[in-house]
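To keep things clear, I will list the structure first and then write my remarks on it.
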C-alpha cells in the first residue's frame with residue numbers, strides 16, 4: 001500500500017513540475033496584438049511585451065480601479081508593505097509591554113554581558129595576539 005502512495009506522490013510531483021514549466025512558457029510568449037496596443041499606450045518597451053507583462057498590466061489596472069486586494073498584492077510584489085510592517089512592529093511592542101517581567105531576563109542579559117567582558121579580559125596573553133610576519 002505504501003508503494004502505491006509513493007508512486008502517486010511522484011506522479012503528482014511530476015505533474016506540478018510540468019504545470020509550472022508550462023506556465024513559465026506561456027508567460028514568456030509574446031503578448032497578443034490587442035494587449036501590445038494597450039501596453040504601447042502605457043509606455044511599455046516593446047521588448048518587455050510578453051504575457052507576464054499583460055498580467056502585470058491587469059493587476060495594475062485592477063488596483064487603479066480601486067481593487068484593494070490588487071493594490072495589496074502590488075505592494076507585496078514591490079516590497080512596500082509598510083502598513084503591515086508597522087502593524088507587526090506595534091503588535092510586538094504591545095506584546096512586550098503586556099508581558100509581565102520578573103527581572104530574570106534582565107539579570108540574564110547583564111550576566112551574559114559580564115561574562116563577555118570577562119572573556120575579552122582573558123584573551124590578552126601573548127598566544128592570543130595575531131602573528132604578523
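In the UniProt record's numbering, the protein residues as written are 1 to 133. Note that beta-carbon positions come from the ideal geometry of N, C-alpha and C, so glycine has one too.
(Q) Helix, strand or coil for residue 67? Go by DSSP, reduced to three states. (A) coil
Q. Are at least three pairs of beta-carbons, each pair with one atom in the segment 30-44 and one in the segment 5-21, less than 8 Å apart?
A. no
(Q) Tell me which residues share the same chain as residue 59 and place their Cβ nearer than 7 Å to its Cβ, disregarding the 5 neighbours each side in the sequence. (A) 70, 73, 74
Q.
Short of 8 Å in beta carbon distance, which residues of its chain neighbour residue 31, apart from the five on each side in sequence? Order them along the chain.
A. 39, 49, 50, 51, 53, 54
Q | Inter-residue spacing [alpha-carbon to alpha-carbon] between residue 115 and residue 62 | A | 58 Å
Q) On the three-state DSSP scale, how would you describe residue 50? A) Residue state, collapsed to three classes: strand.
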